[in-house]
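Participant: Chains as they are written, first to last, in our numbering: chain A, 78 to 518; chain B, 81 to 395.
(1) Run through chain B and tell me which residues come within less than 7 Å of residue 276 (chain A), C-beta to C-beta.
(2) Quick one: grab the DSSP three-state call for residue 109 (chain A).
(3) For residue 117 (chain A), I'd like the list of residues in its chain whose CB is within less than 7 Å of its CB, leaving aside the five on either flank, ordered along the chain.
(4) When DSSP labels each residue in this structure, what does residue 428 (chain A) get in the three-state scheme?
(5) Which residues mark the beginning and the end of the alpha helix (DSSP H) in which residue 130 (chain B) is found?
(6) So which residues of chain B does residue 398 (chain A) contact, with C-beta pairs closer than 8 Å?
(7) Write down the C-beta distance between residue 331 (chain B) and residue 358 (chain B) rounded to the nearest angstrom, noting that I regard them as a contact closer than 8 Å.
(8) Can you find a C-beta in chain A that's less than 8 Å from the C-beta of residue 176 (chain B)?
(9) Give the C-beta separation of residue 167 (chain A) and residue 196 (chain A) to the nearest angstrom, bearing in mind that I take them to be a contact with Cβ-Cβ under 8 Å.
(10) Output, in sequence order along the chain, the residues in the region 252–268 of chain B whose CB is closer than 7 Å to any CB in chain A.
(11) Note down, in chain order, every chain A residue with its Cβ under 8 Å from the Cβ of residue 218 (chain B).
(12) Excluding the 5 residues preceding and the 5 following residue 120 (chain B) in the sequence, name in chain order all residues of the same chain whose CB lies nearer than 8 Å to its CB.
(13) At 4 residues or longer, and completely inside the region 190–235 of chain B: list those alpha helix (DSSP H) runs for me, N to C.
(14) Helix, strand or coil for residue 253 (chain A)? Go by DSSP, reduced to three states.
(15) Anything in the region 352–368 of chain A with a Cβ closer than 7 Å to a Cβ of chain B? List those residues in chain order, please.
(16) DSSP three-state call for residue 264 (chain A): helix, strand or coil?
(17) Put residue 168 (chain B) into one of helix, strand or coil per three-state DSSP.
(18) CA-CA distance, residue 118 (chain B) and residue 81 (chain B)?
(19) Please compile the residues from chain A whose C-beta is within a distance smaller than 9 Å of the C-beta of residue 197 (chain B).
(20) Compute the Euclidean distance between the alpha carbons of residue 255 (chain A) and residue 309 (chain A), then round it to the nearest angstrom.
(21) Pull up the distance between the alpha-carbon of residue 341 (chain A) and that of residue 327 (chain A), whole angstroms please.
(22) Starting from the N-terminal side, write out each stretch of the beta strand (DSSP E) that is 3 residues or longer and does not extend beyond the region 117–189 of chain A.
(23) Could you list which residues in chain B have their beta carbon closer than 7 Å to that of residue 285 (chain A), in chain order?
(24) Judging by CA-CA distance, which residue of A:106, A:130, A:312, A:102 is the nearest neighbour of residue 493 (chain A)?
(25) Please state the DSSP three-state secondary structure of residue 495 (chain A).
(26) Going by Cα to Cα distance, which pick from B:353, B:83, B:127, B:365 is closest to residue 326 (chain B)?
(27) Check whether the Cβ atoms of residue 527 (chain A) and residue 202 (chain A) lie closer than 8 Å to each other.
(28) When burial is assigned at 16 or more other CB atoms within 10 Å of the CB, is residue 518 (chain A) buried or exposed?
(29) Less than 6 Å between C-beta atoms, sequence neighbours within five positions excluded: which residues of the same chain meet that for residue 439 (chain A)?
(30) Let me know the secondary structure DSSP gives residue 284 (chain B) once reduced to three states.
(31) What is the DSSP secondary structure of residue 102 (chain A), counted as helix, strand or coil?
(32) Answer with yes or no whether the minimum CB distance from residue 516 (chain A) to chain B is below 8 Å.
(33) Out of curiosity, what's the CA-to-CA distance linking residue 474 (chain A) and residue 391 (chain A)?
(34) Hey, is the region 497–513 of chain A in contact with the region 162–182 of chain A, meaning 3+ C-beta pairs nearer than 8 Å?
(35) What residues match up with residue 90 (chain A) in a beta bridge as DSSP calls it?
(36) Residue 335 (chain A) and residue 323 (chain A) look like a contact to me (Cβ under 8 Å); what is the Cβ gap, rounded to whole Å?
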């Protein structure tokens, strides 16, 4: 892994999209120099990026890379490629694989395979309960101390709904310094639910997933975290009410953080009209009023981070009856563009804010010391170069994920990733995977 | 019209034309010994029933046969569906086998709309799809036959007050009737316990009530919805007894109705709970007229989709 790497000179970027255009020299995995008109050292790769935006590499707290178990829909290799092309330098892979990542054997495989592919750091998320069954805590300590260095635990896909189990998980996690991330869904309120409970689902005859199913768990877990002195992270916040509860909890000084997905920022339940399974997701696409509240909350910092919930599914799992369609959608390659469309274009976030929401905050939440760092000399060169003025049209088959279905099909969105660097090595450039990807079979 | 996927998409003119043709088919068959019209000779109509059904399946089959179509019935249990074939593959198979119309009853909301999308061919070709009930979404031919029955009994629909009683939440019949009756100018009142009304019902073109007794005197038509047995123990209401007392159409309640008011039920009826035995069999109950009208309405729908409204029916 540690063969010498050529220096990289990124020309003409504006850090966080502001200030003067500068050249940034990357060498030996670090930012070596920043200045005007730097000369390229011998052998340096030059990225001409005049006027483009330099950001710290993105960190995704929430992906499903489907390996082990569903390698027909995504693998750590293809998911890593999607991440690199999306501007990510670190991703967290959720535990609901087959077998479940509830033991060091699985979490260490995920970490090791990610390093072998070498396009992005793939951090395994450990399950909170054995088999995601919600009953017995996993050996969190062994997973945290193992080679996978698990620092976040979640039963995502399922809610740790038993309040006593959640209480114990939060308490136990404080002793290890690890984070519990909750998929907030009270299961009794969502039995048979396939769509947001509201006027659209009522008209279409789709069983409803009420907002209260999410909000009641967010409120409960905020109180449990308060009493345990624990940190809790809320996955994929999807409702205006969740925003209000987060606001309240943060005002109380509770250690609660939250993420929002790009699809909940952009899409709403009017998409359900044709019963196309690509629009099925958990939590469901909600109403316009929710998307607006989520955007405002991300702008205000009530919601800390954008996380993709990248969840690939095979064509036959989407091209079927809506109620049979598997919930989840691709996200890694479209996240930046959706954030640009929903947050940057309307002026809710500047690129400095994007760096916080997509890199610095998630790195801090998960405790990744080398990610989300300042764009300064001597800092690790985990970097993303963004062309803010480019526009592109999403075509599922052109995405590198194994699955091709996406709700953004045929949408034209702003902003492209022109280069991603992981520890000074270019992993993606102009929409193509570079370098170590060759090792990804 | 290419498909009939929902009552919500029917214009007032289309719906009225279907009802008019249904009446004409009814008249044409009246007193005939041989109930056979040549209208759909050589057309292949396939029914795909993924749920149990007596009246709807029989009604479509009779409608097709009386119009000389070749009607083939596919059910989930006796077909490749039981071997795990997807709905899409089954639909494409039946299209390839030459279906001119696919009539589908399916437990998933949206199944008919998806079927239409999957079997569509470039240039608008592909079989006509008729929704015979999709999950808790819609059952448009039921609404059409209900509307026809109300029109025959009351002489019109515009301005008439139709009270729909029961499990609106899970009822595709209610959704289709709300859509069609409001398109045709009726005032619709929904009466149900709050647990059996969908979130968002306040945005429907209806008034909502929890008091059946208060709604009966002004009603021109009362439509009782079926309450499925599994709902009774699902916590939607405390007991069948309490439901029956609050929302059942008893003989006493029937007496509160105006003289000409008509009682409808899509069947199958739960006598004693939703509707008293004497009410179900009373002259004001239109239950069997609904069934007869069902055949005529489905003939009219097949005619509109396979021949075209602009063609004069060859009766």
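Ideal Cβ positions, reconstructed from N, Cα and C, are used throughout, including at glycine.
Facilitator: The answer reads as follows:
(1) One-based indexing of the first chain puts residue 276 (chain A) at position 199. Within chain B, the residues near residue 276 (chain A) are 280, 283.
(2) One-based indexing of the first chain puts residue 109 (chain A) at position 32. Correct three-state label for residue 109 (chain A): strand.
(3) Indexing the first chain from 1 puts residue 117 (chain A) at position 40. Excluding residues within five positions, the ones whose Cβ falls inside 7 Å are 86, 123.
(4) As a position in the first chain, residue 428 (chain A) is number 351, starting the count at 1. Here residue 428 (chain A) sits in helix by DSSP.
(5) Taking the first residue of the second chain as position 1, residue 130 (chain B) is located at position 50. First-last for residue 130 (chain B): undefined, no H or E at that position.
(6) One-based indexing of the first chain puts residue 398 (chain A) at position 321. Neighbours of residue 398 (chain A) on chain B, chain order: 167, 186, 188, 190, 191, 194.
(7) The residue you call residue 331 (chain B) lines up with position 251 of the second chain. The residue you call residue 358 (chain B) lines up with position 278 of the second chain. The beta-carbon distance between residue 331 (chain B) and residue 358 (chain B), rounded to whole angstroms, is 5 Å. This is short enough to meet the 8 Å contact definition.
(8) Locating residue 176 (chain B) in the second chain gives position 96, where the first residue counts as 1. At a cut-off of 8 Å between beta carbons, residue 176 (chain B) makes no contact with chain A.
(9) As a working mapping, residue 167 (chain A) is identified with position 90 in the first chain. As a working mapping, residue 196 (chain A) is identified with position 119 in the first chain. Between residue 167 (chain A) and residue 196 (chain A) a beta carbon distance of about 11 Å is seen, past the 8 Å cut, so the two are scored as non-contacting.
(10) Residues passing the 7 Å Cβ filter: 252, 255.
(11) Your numbering for residue 218 (chain B) matches position 138 in the second chain. Ordered by position in chain A, the residues that pass the 8 Å Cβ test against residue 218 (chain B) are 282.
(12) Translated into positions along the second chain, residue 120 (chain B) becomes position 40. Within the same chain, and ignoring the five residues on either side of residue 120 (chain B) in sequence, the residues whose Cβ sits closer than 8 Å to its Cβ are 144, 147, 148, 149, 382, 383, 386, 387.
(13) Restricting attention to alpha helix (DSSP H) runs no shorter than 4 residues, the region 190–235 of chain B encloses them at 191–199, 220–234, ordered along the chain.
(14) Against the first chain, residue 253 (chain A) aligns to sequence position 176. The answer is helix: DSSP assigns residue 253 (chain A) an H, G or I state.
(15) For the region 352–368 of chain A, which is checked against every Cβ of chain B, the residues closer than 7 Å are 352.
(16) Counting from one through the first chain, the residue named residue 264 (chain A) turns up at place 187. In the three-state DSSP reduction, residue 264 (chain A) falls in the helix class (H, G or I).
(17) One-based indexing of the second chain puts residue 168 (chain B) at position 88. Helix.
(18) Reading the second chain from its first residue, position 38 is the one you call residue 118 (chain B). Reading the second chain from its first residue, position 1 is the one you call residue 81 (chain B). Spanning the two alpha carbons is a distance of roughly 21 Å.
(19) For the purposes of this step, residue 197 (chain B) is taken as the residue at position 117 of the second chain. Near residue 197 (chain B) (Cβ distances below 9 Å), the residues of chain A are 351, 352, 353.
(20) By 1-based counting over the first chain, the position of residue 255 (chain A) is 178. By 1-based counting over the first chain, the position of residue 309 (chain A) is 232. Going from the Cα of residue 255 (chain A) to the Cα of residue 309 (chain A) covers about 10 Å.
(21) Against the first chain, residue 341 (chain A) aligns to sequence position 264. Against the first chain, residue 327 (chain A) aligns to sequence position 250. Distance from the CA of residue 341 (chain A) to the CA of residue 327 (chain A), rounded to the nearest whole angstrom, comes to 22 Å.
(22) Qualifying beta strand (DSSP E) stretches, in chain order: 122–125, 130–133, 135–140, 165–170.
(23) The residue labelled residue 285 (chain A) in the question sits at position 208 within the first chain. For the C-beta of residue 285 (chain A), the chain B residues within less than 7 Å are, from N- to C-terminus, 279.
(24) Position 416 of the first chain, counted from the first residue, corresponds to residue 493 (chain A). Measuring from the Cα of residue 493 (chain A), the nearest candidate turns out to be A:130.
(25) As a working mapping, residue 495 (chain A) is identified with position 418 in the first chain. Residue 495 (chain A) falls in the strand class under three-state DSSP.
(26) Counting from 1 along the second chain, the entry for residue 326 (chain B) is found at position 246. It is B:353.
(27) As shown, chain A starts at 78 and ends at 518. That puts residue 527 (chain A) outside it, with no answer to give.
(28) Here residue 518 (chain A) refers to the residue found at position 441 when the first chain is read from its first residue. Because residue 518 (chain A) sits at a pLDDT of 42, beneath the cut-off of 50, its placement in the model cannot be relied upon, and the point is left open.
(29) Taking the first chain and counting its residues from 1, one reaches residue 439 (chain A) at position 362. Cβ neighbours of residue 439 (chain A) beyond the five flanking positions: 136, 138, 382.
(30) Position 204 of the second chain, counted from the first residue, corresponds to residue 284 (chain B). Correct three-state label for residue 284 (chain B): coil.
(31) Here residue 102 (chain A) refers to the residue found at position 25 when the first chain is read from its first residue. Strand, per DSSP.
(32) To locate residue 516 (chain A), count along the first chain from 1; it is residue 439. The predicted position of residue 516 (chain A) is uncertain, since its pLDDT is 44 and thus under 50; a value taken from the coordinates is nonetheless stated next. No, because no Cβ of chain B sits closer than 8 Å to the Cβ of residue 516 (chain A).
(33) As a first step, residue 474 (chain A) must be located in the first chain, where it is residue number 397. As a first step, residue 391 (chain A) must be located in the first chain, where it is residue number 314. Rounded to whole angstroms, residue 474 (chain A) to residue 391 (chain A) spans 12 Å at the Cα level.
(34) Taking one beta carbon from each stretch, the region 497–513 of chain A and the region 162–182 of chain A have 3 or more pairs nearer than 8 Å; the two touch.
(35) Stepping through the first chain from its first residue, residue 90 (chain A) is reached at position 13. Answer is A:99.
(36) Start at 1 with the first residue of the first chain, and residue 335 (chain A) comes out as number 258. Start at 1 with the first residue of the first chain, and residue 323 (chain A) comes out as number 246. That pair is a contact at about 5 Å.
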